[in-house]
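*Asks:*
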Amino acid sequence: MTLAHLTDVHLRLGGRPVLRGLSLEVRRGEVLALLGGNGAGKSTTLQLLLGFLAPDSGSVRVTGLDPRREPAAVRARLAYVPENAALYGQLTARENLSYLLSLAGADPRPGAVEDALRRAGLPAEAWDRRLSTFSKGMAQKVAIALALARDVPLLLLDEPTSGLDPGATAEFNALLGTLRDAGVGILMVTHDLAGAAAVADRVGLLRDGRLAEEFRAGPGPRFDLNRLHAGFSAPARPGEAA
Amino acid sequence: MPSPTLAIARHELRTLSRSRGALAAAGTTLLLLLASALASLDLAAQAAESRARQQAEAERQWQAQPDRHPHRVIHFGTFVFQPLGPLAAIDPGITAHTGHSLFLEGHRQNSANFAEARQSSVLLRFGLPTPAFVLQALAPLLLVFLAFGSVAAERERGTLALLRAQGVPGRTLLAGKALAHGGVALALLLPLALAILLAAGGEAGALARGALMLPAYGAWLLAWSLGAILASALLPRARDALLTLLGAWILLVVVAPRLAPLAAEALHPAPSRLAAELAVAADLAKVGDPHDPNDPNFGPFRARVLAQHGVTDVEALPVNWGGLVSMEGERLQGEVFRRHMDAAQARERAQAATLDGAAWLAPALALRRLSMALAGTDLPGHQAFVRAAEEHRYAMVQALNALHVHKIRRQDDRAQRVGREHWLAMPAFHHAPPGPDWPALLPAAGALLLWLLLPLALLPLAGRRLDREARA
């Protein structure tokens, strides 16, 4: 089942073309990693799916719904983890989840918050500590726990492993694998080629405002990192999307 | 599951309660408000007791006068004190500057003395402010401090995007913030309500007027909270919002209330005290000297009196001519006093009307107008006291002149006495302060309401802007 679907999307921002015929889809139970340089349109793609931006042309659908026409219904079906996991430092992990869930209109069963924190891999002794005392990796787990508690089919991650140490990155990737196995569709945009290769089922290279190349994970070594690196490093055409 | 608006409001209050800076600022303001209320109540009680003692002493001295010539009694004079309502403790208004006692005597109209700002202890001049000052000037600073980052800080932290991703519309976010900060603003009214209860005692009228102070101050404080949230939503950074709001505070609370009276003075200039007294003296000189029965200024009056009694010489009058001249002189002087007093009061009212107009631009003036009127310490109250005191002075002096006319023989006039029972029987000064002039207060109430509705109306627009911002 396709959860997120962009078809031939064009978008200009501030007079500059950012997306030039982008098409991609994220299906249930898979991780799509979208790689690209700064300004390639990775975060813009997430904003289209969130309904924060409207395409100039083309179609954007989340579980078949248009995010611009039905923003509330779309946001009820996806969870978004922004870069740097911006959460409330003066609240505890438990309070962050409770607050954001109440804003999302979710009505979790008793114990769902704690269950989500546990599934996200946050130790129980940290649940009632303020996030201002957390490492970035721990805060990221809280952000993921929010998505788990909401029990949504689609997860959007913006540079999720940025600033994480290797151990935290490995834990995080394992968590994504668990979510994928539970049937969640995950779209992550990232600079982290190796991280993407470790967890993604497909890796898309965003260049010149469109999906320039797509790689599928194979058996054994999941991706040919040399090919990935070569694609990632290929220069954008002058005068087009950065 | 609470509504998102309530959840945001609860979250905002929880965040404030966990901020040491916010707690310290709020605690200090509340403490200052409580302390100022208690100190003002104590000072007001002391002042009332002091006034009562001084009034009793003035009456005792008046009544202790021995049998004497009535004109000596006229010059002996007496003090009267403006009765201040219980709510003057909350807002002393202009009485702190105009004074509240008058010395009443013949041939003179004195101005009020013993203004608190000039006469009271160092404590009042340099120490604790009044509750009105705390709420009018300091509380807005607290509300600005608490709310300037309410939205801008979310934007800077990145949580604004997170909230939007949860499907929270901008207007819901602002409504929640407004609910929380509005609640904080209204909580500041609790010490005021307590002070009003304590000040009014069981006096129903004072309680009713005090109760009306609450919506006036509530509107003022709410306007600041909402304005701070609005600035926080519209400006990109919390620092920008804080600087803008501090600028607004300086302009609206510090500068405008001081510039507006200068403008009023420029539009309706009042002569200096010396010039005013010289103008009165010049007019009094035209009246003549009422102490001199032969003053030629009283020639027409002499002719009229002689004709009235059918005699040709004042010696043949059945009453004391010197007393009659004194009485006529007081009548003419009284007209001079009233004319100058009316002109001065009309000028003051014109200045006050200018301030009422300026209140549309400077809401602090509107609040002060309402607060002073409800406390009974405004200009109309002071003018009514001055008029009542002048009427009392005139009646007292003319009653003594009548004694001179009828009880003192012309021959050997100054050596005679009348019995002290005459001034013992004279009525004491009683003045019931007028209540607020409600229709006159409507512009001030309207101005305050406008400044409350302005941010209220702009918040939904700011909410839509937040929605657009999230998409950018």
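So the sequence lines, in the order shown, correspond to chains B and R. With numbering that gives the first Met the number 0 as the guide, the letters of the first sequence map in order to residues 0 to 241. With numbering that gives the first Met the number 0 as the guide, the letters of the second sequence map in order to residues 0 to 471. Even for Gly, the Cβ is constructed at its ideal location relative to N, Cα and C.
Using a Cβ cut-off of 7 Å (strictly closer), state whether proline 152 of chain B contacts chain R.
*Replies:* No, its Cβ sits nowhere closer than 7 Å to a Cβ of chain R.
*Asks:* Any beta carbon of chain B sitting closer than 7 Å to that of leucine 178 of chain R?
*Replies:* No, leucine 178 of chain R lies away from the interface with chain B (no Cβ there is under 7 Å from its Cβ).
*Asks:* Measure the CB-CB distance between glycine 309 of chain R and valine 404 of chain R and report whether it falls below 7 Å.
*Replies:* no
*Asks:* Leaving aside the five residues before and after serine 161 of chain B along the sequence, list all residues of the same chain whose C-beta is less than 8 Å from its C-beta, in chain order.
*Replies:* Answer for serine 161 of chain B: Glu82, Asn83, Thr189, His190, Asp191, listed in chain order.
*Asks:* Terminal residues of the continuous beta strand (DSSP E) containing arginine 26 of chain B?
*Replies:* 15-26
*Asks:* Determine the chain B residues that contact histidine 10 of chain R at a beta-carbon separation under 7 Å, and present them in chain order.
*Replies:* Tyr98
*Asks:* Identify whether glutamate 29 of chain B lies in helix, strand or coil by the three-state DSSP scheme.
*Replies:* coil
*Asks:* Under the DSSP definition of a beta bridge, which residues are partnered with glutamine 108 of chain R?
*Replies:* According to DSSP, glutamine 108 of chain R bridges with R:Leu103.
*Asks:* Quick check on DSSP: helix, strand or coil for methionine 0 of chain B?
*Replies:* coil
*Asks:* Check whether the region 196-204 of chain R touches the region 82-90 of chain R, counting contact only when three or more Cβ pairs, one atom from each stretch, lie closer than 8 Å.
*Replies:* yes
*Asks:* Apart from the five residues on each side of it in sequence, which residues of its chain come closer than 8 Å, Cβ to Cβ, to arginine 117 of chain B?
*Replies:* Ala123
*Asks:* Ignore the nearest five residues each way along the sequence and tell me which others in glutamine 350 of chain R's own chain have a CB closer than 6 Å to its CB.
*Replies:* Excluding residues within five positions, the ones whose Cβ falls inside 6 Å are Ala263, His267.
*Asks:* Kindly indicate if chain B contains any beta-carbon less than 7 Å away from that of leucine 161 of chain R.
*Replies:* Yes, leucine 161 of chain R lies at the interface with chain B (some Cβ there is under 7 Å from its Cβ).
*Asks:* Along the chain, which unbroken stretches of the beta strand (DSSP E) at least 3 residues long are found entirely within the region 110-179 of chain B?
*Replies:* Within the region 110-179 of chain B, complete beta strand (DSSP E) segments of at least 3 residues are found at 153-157, given in chain order.
*Asks:* Using a Cβ-Cβ cut-off of 7 Å, state whether glutamine 53 of chain R counts as contacting chain B.
*Replies:* no
*Asks:* Counting only runs that start and end within the region 170-258 of chain R, where is the alpha helix (DSSP H) found for 4 or more residues in a row?
*Replies:* 188-199, 203-233, 237-248
*Asks:* Three-state secondary structure (DSSP) at aspartate 242 of chain B?
*Replies:* Outside the shown range of chain B (0 to 241) lies residue 242 of chain B, about which nothing can therefore be said.
*Asks:* With a threshold of 7 Å between beta-carbons, can arginine 74 of chain B be considered close to chain R, or not?
*Replies:* yes
*Asks:* Under the three-state reduction of DSSP, which class applies to arginine 209 of chain B: helix, strand or coil?
*Replies:* strand
*Asks:* Any beta carbon of chain R sitting closer than 7 Å to that of leucine 49 of chain B?
*Replies:* yes
*Asks:* Exposed or buried, what is threonine 62 of chain B when buried is set at 16 or more other beta-carbons lying within 10 Å of its beta-carbon?
*Replies:* Counting every other CB atom within 10 Å of its CB across the protein chains shown gives threonine 62 of chain B a total of 16 or more, marking it as buried.
*Asks:* Report yes or no: is there a C-beta of chain B within less than 7 Å of the C-beta of glycine 20 of chain R?
*Replies:* no
*Asks:* Hey, could you find the ends of the alpha helix (DSSP H) tyrosine 98 of chain B is sitting in?
*Replies:* 92-102
*Asks:* With respect to 6 Å, is the separation between the Cβ of alanine 115 of chain B and the closest non-hydrogen atom of the ligand FAD below this value?
*Replies:* Although the ligand FAD was asked about, the structure shown includes no ligands whatsoever.
*Asks:* To the nearest angstrom, report how far apart alanine 111 of chain B and alanine 72 of chain B are at their CA atoms.
*Replies:* One C-alpha to the other measures close to 22 Å.
*Asks:* Does the region 430-447 of chain R come into contact with the region 378-387 of chain R, if we say contact requires no fewer than three beta-carbon pairs (one atom in each stretch) closer than 8 Å?
*Replies:* yes
*Asks:* Can you confirm whether proline 3 of chain R, when its beta carbon is compared against all beta carbons of chain B, has any partner nearer than 7 Å?
*Replies:* yes
*Asks:* Less than 7 Å between the C-beta atoms of glycine 120 of chain B and lysine 140 of chain B, yes or no?
*Replies:* yes
*Asks:* Please confirm whether arginine 17 of chain R has its beta-carbon closer than 7 Å to some beta-carbon of chain D.
*Replies:* You won't find chain D in this structure, because its protein chains are B and R.
*Asks:* What is the C-beta distance between alanine 490 of chain R and alanine 352 of chain R, in whole angstroms, given that I count them as a contact (C-beta under 8 Å)?
*Replies:* Because chain R in this structure spans residues 0 to 471, residue 490 of chain R falls outside the shown range and cannot be described.
*Asks:* Identify the contact partners of glycine 36 of chain B in chain R, using a Cβ-Cβ distance below 7 Å as the criterion.
*Replies:* Result: empty, since nearest Cβ-Cβ is about 21 Å, beyond 7 Å.
*Asks:* What is the residue span of the alpha helix (DSSP H) that methionine 371 of chain R lies within?
*Replies:* Here the alpha helix (DSSP H) through methionine 371 of chain R covers 362-374.
*Asks:* Is DSSP giving alanine 427 of chain R helix, strand or coil here?
*Replies:* coil
*Asks:* By how many angstroms is the C-alpha of arginine 208 of chain R removed from the C-alpha of aspartate 282 of chain R?
*Replies:* 42 Å
*Asks:* When the cut-off is 7 Å and only beta carbons count, does alanine 119 of chain B lie next to chain R?
*Replies:* no
*Asks:* Can you check which of these residues, R:Ala232, R:Ala302, R:Ala439, is closest to leucine 172 of chain R by C-alpha distance?
*Replies:* By alpha-carbon distance to leucine 172 of chain R, the top candidate from R:Ala232, R:Ala302, R:Ala439 is R:Ala232.
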